[in-house]
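Protein chains in written order, with this note's numbering: chain U, 1 to 224; chain A, 1001 to 1224.
Where is the CB? At the ideal position from N, CA and C, for every residue including glycine.
Only one structure is covered here, and it is reproduced in the block below.
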DNA sequence: AGAATACTTCGATAGGGATCAAACCATGCG
DNA sequence: CGCATGGTTTGATCCCTATCGAAGTATTCT
């Protein structure tokens, strides 16, 4: 018998599909609420809550209460590194590499990340917004630039005046490994894209499909 | 719902105590047989066998058949890295740091690693043997030096002439994070230590306790 | 060939944990 | 204050899997 650090305990925490999904969702560095995580994991709220207590007790998560919202986040970079390592092995040994079908390709280009846009398009958009000093970025912190208010007003995107969660947030893109824009502004932009019918959501998938004219419009507004 | 690499599957493989113990035991880089791993994990042979098939199927292990012996080893450095990462988190969040009792201290000094000696004493011994060119070490590969035969004959340790497993092998020490000597030679030396009654095994523990004169004898023979 | 060793498969059991519905707290809004 | 919303707790169900004994297979030793 072998003692030492209880590695089985930690691994079994990650070993449940629901919890694994939650942890993956948190890999972006963005803290999420219990409901969001329940949605992400595909389980009911009580089940998610139970899982979250276990992850908390296991020391894998931190909790930040803001009013009636409780934001769960990864406990630290060491935990993130562990998830990374496990993900790496899973990718390597998972020869279930069904050839990336059209939907997977579409997912890389643009998809929904809970309430905002992710994928290559979203990464490019954030790059451009920072380049034009509309947003000011300092590592993972993103703030509105001086011209942000007028800019977003001009293109018809509402900036939440008194938001309950951050307006801007960097969220690490799973496929591109670079950040895209989350937060209420990210959500508002996705709303705009869907409202203008520049793109539609694929049924039962997170993929977001741009129509040809929609793509042009999006690029003119956000990538110009 | 979230797709991507099946991280829960991999994590749950590590998440069982028996399997976690096996994987920890294999972290030294030394491939072990099913019986050895069963012993290490504290389960019966059939149970161990079942776990090993699962680990194999999960792609975490490799199998090298040598006659009626089947040596299981970690599938590669990526897997080892993952175990390392999990171990790191487990150590960090495990505030169960009961102050190291006397048995734990003894474990650090000297303990049994299946059939050979591990711990500070064992690490020091390997260092000294390499320093004196009795063993020749190249990273994780250890060979007998020219004077090895006469040296070990002189101190009464038999070197297996036609061994079924390697005579020398580097095994990473859990507590010291440096290598000690495994293989048939490592086993023969442990035999010698116990036969000469320089030390005794603690009951129900891997700790090895040297008597004061035994310690002197050991140091004269192996650390001089 | 026969005995012994190393290991796996089969079968049955038992226990743990994941799940959800419903009831229960807590915070914010009007 | 009440009502709605976000979250947790409780309780009951059910499936999954870890476990071991016993029997089966393979390889080496004599």
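Problem - Member of U:155, U:135, U:110, U:59 whose CA lies at the smallest distance from the CA of residue 146 (chain U) - result: Selected option, being the one with the closest Cα: U:135.
Practice task
Check whether the Cβ of residue 79 (chain U) lies closer than 7 Å to any heavy atom of the ligand MN, and answer yes or no.
Solution key: The ligand content of the structure shown is nil, which means the ligand MN is not present either.
Exercise for the section: Mind checking which residues open and close the alpha helix (DSSP H) that includes residue 1182 (chain A)? Expected result: Looking at the DSSP string, residue 1182 (chain A) is not in any alpha helix (DSSP H); the run it does join, the beta strand (DSSP E), is 1179-1182.
Practice task
Report the residues of the segment 1070-1093 of chain A with a CB closer than 9 Å to any CB of chain U, ordered along the chain.
Solution key: Those residues of the segment 1070-1093 of chain A that come within reach of chain U (Cβ to Cβ, closer than 9 Å) are 1075, 1076, 1078, 1079, 1081, 1082, 1083, 1084, 1085, 1086, 1087, 1088, 1089, 1090, 1091, 1092, 1093.
Practice task
Give the straight-line distance between the Cα atoms of residue 8 (chain U) and residue 1016 (chain A), rounded to the nearest whole angstrom.
Solution key: Approximately 6 Å between the Cα atoms of the pair.
Handout entry: Range covered by the beta strand (DSSP E) that runs through residue 1073 (chain A)
Key = Element bounds for residue 1073 (chain A): 1069-1074.
Practice task
Anything in chain A within Cβ reach of residue 59 (chain U), meaning under 9 Å, just list it in chain order.
Solution key: Residues of chain A passing the Cβ test: 1089, 1092, 1093, 1094, 1095.
Problem - Best match in A:1133, A:1186, A:1137, A:1222 for proximity to residue 1159 (chain A) [C-alpha to C-alpha] - result: Closest option to residue 1159 (chain A), judged by alpha-carbon separation, among A:1133, A:1186, A:1137, A:1222: A:1186.
Problem - Local conformation of residue 1228 (chain A) per DSSP, three classes - result: For chain A, the structure presents residues 1001 to 1224; residue 1228 (chain A) sits outside this window and is missing.
Practice task
For chain A, find out if any of its Cβ atoms is closer than 8 Å to the Cβ of residue 15 (chain U); answer yes or no.
Solution key: The C-beta of residue 15 (chain U) comes closer than 8 Å to at least one C-beta of chain A.
Practice task
Check the Cβ-Cβ distances between residue 34 (chain U) and every residue of chain A, and say whether any is below 8 Å.
Solution key: Not closer than 8 Å to any Cβ of chain A, the Cβ of residue 34 (chain U) fails to qualify, so no.
Practice task
Use the C-beta contact count for residue 1238 (chain A): other C-beta atoms within 10 angstroms, 16 or more gives buried, fewer gives exposed.
Solution key: Because chain A in this structure spans residues 1001 to 1224, residue 1238 (chain A) falls outside the shown range and cannot be described.
Practice task
Would you please verify whether the beta carbon of residue 11 (chain U) is less than 8 Å from any beta carbon of chain A?
Solution key: Yes, its Cβ sits closer than 8 Å to a Cβ of chain A.
Exercise for the section: State the start and end residues of the unbroken beta strand (DSSP E) segment that holds residue 128 (chain U). Expected result: Not the beta strand (DSSP E): residue 128 (chain U) falls in the alpha helix (DSSP H), residues 120-131.
Handout entry: Sub-8 Å separation of residue 1089 (chain A) and residue 10 (chain U) beta-carbons
Key = Result yes, Cβ atoms of residue 1089 (chain A) and residue 10 (chain U) sit closer than 8 Å.
Problem - N-terminal and C-terminal residue of the beta strand (DSSP E) that residue 210 (chain U) is part of - result: From DSSP, the beta strand (DSSP E) with residue 210 (chain U) extends over 208-210.
Problem - residue 1105 (chain A) at chain U interface by Cβ criterion, 8 Å - result: No - not a single Cβ of chain U is within 8 Å of the one on residue 1105 (chain A).
Handout entry: Where residue 237 (chain U) falls: helix, strand or coil (DSSP)
Key = Since the displayed chain U opens at 1 and closes at 224, residue 237 (chain U) lies outside it and no answer follows.
Practice task
Could you check what DSSP says for residue 1228 (chain A) in three-state terms: helix, strand or coil?
Solution key: Coverage of chain A is limited to positions 1001 through 1224, which leaves residue 1228 (chain A) absent and any answer about it impossible.
Handout entry: Minimum Cβ-Cβ distance from residue 5 (chain U) to chain A less than 8 Å
Key = For residue 5 (chain U), the answer is yes, since a Cβ of chain A falls inside 8 Å of its Cβ.
Exercise for the section: Go ahead and label residue 35 (chain U) buried or exposed: buried means 16 or more other beta carbons lie within 10 angstroms of its beta carbon, across all protein chains shown. Expected result: If you draw a 10 Å sphere on the C-beta of residue 35 (chain U), you find fewer than 16 other C-beta atoms in it, and that means exposed.
Exercise for the section: Could you give the DSSP three-state label for residue 30 (chain U): helix, strand or coil? Expected result: In this structure, DSSP gives residue 30 (chain U) a state outside helix and strand, which the three-state scheme calls coil.
Exercise for the section: Could you tell me which of A:1192, A:1168, A:1195, A:1216 sits nearest to residue 1182 (chain A), measuring between CA atoms? Expected result: Ranked by Cα distance from residue 1182 (chain A), the first of A:1192, A:1168, A:1195, A:1216 is A:1168.
Handout entry: Inter-residue spacing [alpha-carbon to alpha-carbon] between residue 5 (chain U) and residue 1094 (chain A)
Key = If you draw a straight line from the Cα of residue 5 (chain U) to the Cα of residue 1094 (chain A), it is about 7 Å long.
Exercise for the section: Name the two residues that bound the continuous beta strand (DSSP E) containing residue 1199 (chain A). Expected result: 1199-1201 is the span of the beta strand (DSSP E), which, as asked, contains residue 1199 (chain A).
Problem - Contact list for the segment 176-193 of chain U against chain A, Cβ threshold 8 Å - result: Correct list: empty, as no residue qualifies.
Practice task
Kindly indicate the opening and closing residues of the beta strand (DSSP E) around residue 1009 (chain A).
Solution key: No beta strand (DSSP E) holds residue 1009 (chain A); the alpha helix (DSSP H) holding it covers 1007-1014.
Practice task
Determine whether the Cβ of residue 98 (chain U) lies closer than 8 Å to any Cβ atom of chain A.
Solution key: Low confidence applies to residue 98 (chain U): its pLDDT is 48, below 50, so where it sits in the model is not reliable, and the reading given next is rough at best. Closer than 8 Å: no.
Practice task
Measuring only between beta-carbons, confirm whether residue 1053 (chain A) sits less than 8 Å from chain U.
Solution key: So, not an interface residue.
Practice task
Show which residues of chain U have a CB atom less than 7 Å away from the CB atom of residue 1020 (chain A).
Solution key: Here the neighbours are 7, 8, 11.
Practice task
Please decide whether residue 24 (chain U) counts as near chain A, where near means a Cβ-Cβ distance under 8 Å.
Solution key: Closer than 8 Å: yes.
Exercise for the section: Determine the closest residue to residue 156 (chain U) out of U:192, U:210, U:224, with distance taken between C-alpha atoms. Expected result: Ranking the options by Cα distance to residue 156 (chain U), first place goes to U:192.
Exercise for the section: Report the rounded CA-to-CA distance for residue 1111 (chain A) versus residue 1143 (chain A), giving the unit in angstroms. Expected result: Distance between the alpha carbons of residue 1111 (chain A) and residue 1143 (chain A): 23 Å.
Exercise for the section: On the DSSP bridge assignment, give the partners of residue 216 (chain U) in chain order. Expected result: For residue 216 (chain U), which the question treats as bridged, DSSP gives no partner whatsoever.
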